[in-house]
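Chemist: This is the structure, below, for whatever I ask next.
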Amino acid sequence: MDDDAKALPAGLPVAGAAYLILVQIASKGATFIANQLLLRSLSPSTLGIASQMELYVISTLYFARESIRVALQRDPVDAATSTSESTLGPESTSPSSGSTRSRTIKEHAQAAVNISYLAALIGIPLTHFLGLLFARPGQGAPSRVPMFDTSLRIMQIACILELFSEPCFAIVQQKMQYKLRAAVETAAIITKSALTCGTAIWAMANSRDLGALPFAIGQLGYAAVLLCGYGVCVRPISRMEGFALLPLAVTQRTGRYLFSLFSLPLLSLTANIYAQTVIKHFLTQGDILTLATFSSLEDQGAYALASNYGSLVARLFFQPIEESSRAMIAKLLATAGAANPDPRNVALAKSHLCDIIRIYGFASVLICAIGPPTVPFLLKILFGSQWSFPEMSGLLASYCYYVPFLAFNGITEAFVSATASHAKLRQQSAWMAACSVGFFAAAYCLLKVWGWGAAGIVWANVMSMALRIVWSSLYIKNYFRRHSNSLKITEVLPNSGTLLLGLITWALLRQAKPQPESVYLDLFKLLVPGAILVMST
């Protein structure tokens, strides 16, 4: 492997993460502005039904496409191409060798397009089935909200449109066209926010209660822009490389295919991952599902506000890093039939993982030291006194302690999903199932028995995430040991000085109490020790 070949995988995730972070910043920025415009006029019940509809969309899309996306990320297209070239020998500069490489790239692209249509095939009946579950009567029944049926139908159409954009998305990911993805998703996010705000403002101006309809219209606009944007941007790539954006039989094949359409290795990997994605979704969205089962719409609305703002840092920065790291690690450590990955690639993957975890460690100290004490001040500034009650402050403070667990779980599970065998994935699924049972048991006790309220859901999540991190960490340690590259915990932990300074900062800031007449000055005083902590570490 020459220097350029080694530098390529290491450089791509940096650019990819940067573009994906820009998408998240645009997304959360637009959402933040929209929320600030709408929040003071929305009732908790309306915000609660909007949260339930968001859960419906997330669940439908996740069950329909997530396992396919992860399987495609693990498809070793680059490794397979390199193997084909090396088999031909260094003298293979003839047109036939170039033709072989072109056919391999075309085959992998067409296979990705074909299997991505399964997401829409799964999603169409799934939208109806989950819609029936979502509309069921019960505590906090959504059907009493105005325009509920219309909103639900629009959400179902939006889900189907978004699933039909999956083939183009698969090509964008396969080619690592992060800049293109950032442009399309940013346009979709801006459209969603503009339509949501515009519809809600029109309803307020005309004294109309549209319930969650503005959110449904915004979601429909988002899906339409994704479908059209990806289609327009990916069409030139398909023409240049000779594959179709519709399902098409793969005529010249280097692998096994079902009906000449679907790669059997990809189908097998997708099936192995699917059960895990179902369990992972219940773990990830378990807090919302539990609240939807046991709480009123008003309580769900308050929790939606806390979770959206409480997990802002995780969604802005950690999620894009997780996605790009998973793609990079999968490319580096793909074996493509070989017994083991290249030792130099293993070292690169370890270095990247350690760097990310060290950065996460410093960010965690910063968030836990500064976040909880500043929550009451930020609530008063952003949302006014009606949201500045102790329960809401406690809920957001709990989220500050939860965010580091989200971050570490995301990056460690990204490594597992990029490298684990089918057998290991099944083991992880079993462990995650046990974590899921533990979460729901803990959440029920904390919420219903001990009366911790929504904060109890957060701490149940902390427990579940900690258990998942333990399993992933043991897998990572064993993986590097098997490949003669040990990983010690001292390589990733923050230094003791950072931890001590963070603890002192946290203890000092906890003594501050917000005063109505000087909330901005008090917030400034809180941020000064935080700035000192940043500069000192």
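Using this note's numbering, the letters of the sequence shown correspond one by one to residues 574 to 1110.
Ideal placement from N, C-alpha and C gives every residue a C-beta, glycine not left out.
1) Going by C-alpha to C-alpha distance, which of S618, L595 and L611 sits closest to L870?
2) Mind checking A875: buried by the 16 CB within 10 Å criterion, or exposed?
3) Could you pull the start and end residues of the alpha helix (DSSP H) that V1031 belongs to?
4) Does the Cβ-Cβ distance between A773 and P787 come in under 8 Å?
5) Rounding to the nearest angstrom, what Cα-Cα distance links G944 and A970 in this structure?
6) In whole angstroms, give me the CA-to-CA distance for A1006 and G815.
7) Under a three-way DSSP split, which group does T666 fall into?
8) Just grab the DSSP bridge partners of S836 for me.
9) Out of V823, R899 and A942, which has the shortest C-alpha to C-alpha gap to V976?
10) If I measure Cβ to Cβ from A993 and keep anything under 8 Å in the same chain, skipping five residues before and after, which residues do I get?
11) Hey, L979 and S966 are a contact pair by Cβ (cut 8 Å); roughly how many whole angstroms apart?
12) On a Cα-Cα basis, can you pick out the residue from T769, G791, F1053 and I902 that is closest to I984?
13) Please report the distance separating the alpha-carbon of H701 from that of A865.
14) Heavy atom of the ligand NAP less than 7 Å from the Cβ of G1070, yes or no?
15) Between the C-alpha atoms of A623 and Y635, what's the straight-line distance to the nearest angstrom?
16) Express the C-alpha separation of L1060 and R1054 in angstroms, rounding to a whole number.
17) Kindly give me the distance between the Cβ atoms of A785 and F737, rounded to whole angstroms, as I take these residues to be in contact under 8 Å.
18) Thinking just about the alpha-carbon of each residue, which of V643, L615, I598 and R638 is nearest to the one in S898?
19) Smallest Cα separation from G791: which of E896, L834, L753 and L768?
20) Could you tell me which whole alpha helix (DSSP H) segments of length 4 or greater appear in the stretch 731-815?
21) Taking a contact to mean a Cβ-Cβ separation below 8 Å, would you say S1009 touches I852 in this structure?
22) Exposed or buried, what is Q712 when buried is set at 16 or more other beta-carbons lying within 10 Å of its beta-carbon?
23) Can you tell which of E627, F891, L885 and I954 has the C-alpha that lies nearest to the C-alpha of R931?
24) At what residues does the alpha helix (DSSP H) containing T1078 begin and finish?
25) Suppose contacts are defined by Cβ-Cβ distances below 8 Å. Is L753 in contact with C806 by that definition?
26) By the DSSP assignment, the alpha helix (DSSP H) with N918 in it spans what residues?
27) Please check the pair I688 and I641, which I expect to be a contact at CB under 8 Å, by giving their CB distance rounded to whole angstroms.
28) Can the beta-carbon of I894 be found closer than 8 Å to that of I810?
29) Between the alpha carbons of M749 and F742, how many angstroms are there, rounded?
30) State yes or no: is the C-beta of T554 within less than 8 Å of the C-beta of F1013?
31) Could you please give the first and the last residue of the uninterrupted alpha helix (DSSP H) stretch that includes C973?
32) Look at the alpha carbon of G704 and the alpha carbon of Y629, and state the distance between them as a whole number of angstroms.
33) Go through its chain and collect everything with a Cβ distance to A991's Cβ below 6 Å, but skip five positions before and after it.
Modeler: According to the structure data:
1) Selection S618, L595 and L611 evaluated against L870 yields S618 as nearest (Cα-Cα).
2) By the 10 Å Cβ count, A875 comes out buried.
3) Annotation: the continuous alpha helix (DSSP H) that includes V1031 extends over A1027 to R1055.
4) The criterion of a C-beta distance shorter than 8 Å is satisfied by A773 and P787.
5) Near 7 Å, if we compare the C-alpha coordinates of A970 and G944.
6) When rounded, the distance between both Cα atoms is 43 Å.
7) Low per-residue confidence applies at T666: pLDDT is 46, beneath 50, and the placement is therefore not dependable, though the value from the model is reported in the following sentence. T666: coil per DSSP, three-state reduction.
8) According to DSSP, which records beta bridges pairwise, S836 is partnered with Y830.
9) The residue with the shortest Cα to Cα distance from V976 is A942.
10) By the criterion of a C-beta distance shorter than 8 Å, A993 is surrounded in its chain by Q1001 and Y1048, once the five residues flanking it on both sides are discounted.
11) About 20 Å; that fails the 8 Å criterion.
12) Of T769, G791, F1053 and I902, the residue nearest in Cα terms is I902.
13) Going by the C-alpha atoms only, they are around 19 Å apart.
14) You won't find the ligand NAP in this model; it holds no ligand whatsoever.
15) Y635 has its alpha-carbon roughly 18 Å from the corresponding atom of A623.
16) The straight-line gap from Cα to Cα measures roughly 7 Å.
17) Between A785 and F737, the beta carbon gap of about 24 Å keeps them out of contact (Cβ cut-off 8 Å).
18) If we check each option's Cα against that of S898, V643 comes out closest.
19) For G791, the nearest C-alpha among the options comes from L768.
20) Fully enclosed alpha helix (DSSP H) runs of 4 or longer: 739-747, 751-778 and 786-814.
21) Yes, the pair counts as a contact, with Cβ atoms nearer than the cut-off.
22) Its pLDDT being 47, under 50, Q712 is placed unreliably in this model, and the value from its coordinates should be taken loosely. Looking at its Cβ environment, which holds fewer than 16 other Cβ atoms inside 10 Å, Q712 is exposed.
23) Nearest neighbour of R931 by Cα position, chosen from E627, F891, L885 and I954, turns out to be F891.
24) Taken as a continuous stretch (DSSP letters only), the alpha helix (DSSP H) holding T1078 covers S1069 to L1082.
25) The beta carbons of L753 and C806 sit closer together than 8 Å.
26) For N918, the enclosing alpha helix (DSSP H) stretches over residues P916 to F956.
27) Sure, about 6 Å apart at Cβ, within 8 Å.
28) Between I894 and I810, the CB-CB gap reaches or exceeds 8 Å.
29) Rounded to whole angstroms, M749 to F742 spans 10 Å at the Cα level.
30) Since the first residue of the chain shown is 574 and the last is 1110, residue 554 is not available in this structure.
31) That run of the alpha helix (DSSP H) goes P963 to T992.
32) Using only the alpha carbons, I get a separation of about 8 Å.
33) The residues are R899, I902 and A903.
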